[in-house]
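Below: the structure, in structure tokens.
Below, the structure is given as structure tokens:
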């Protein structure tokens, strides 16, 4: 993110029969704060991680 402060986290939720996971990145940019997040079923964790990485790779700041 070109030297911008970031915070990465893996998210998890267990609500009995449904377990969800996700990934988030918080990015600080001068007067803006950007959050990129994907969430989904735990069974699809690998696919969610790939999707999150693709989103981050495509993110551009002017």
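Residue numbers (our numbering): 3 to 64.
Heads up, the beta-carbon is just placed ideally off N, CA and C, and yes, glycines get one too.
For residue 49, the enclosing alpha helix (DSSP H) covers residues 47 to 60. Straight across, the Cα-Cα distance linking residue 48 with residue 34 is about 30 angstroms.
Less than 9 angstroms separates the beta-carbon of residue 43 from that of residue 21.
Each residue's CA atom was taken as its position, placing residue 52 and residue 46 some 10 angstroms apart.
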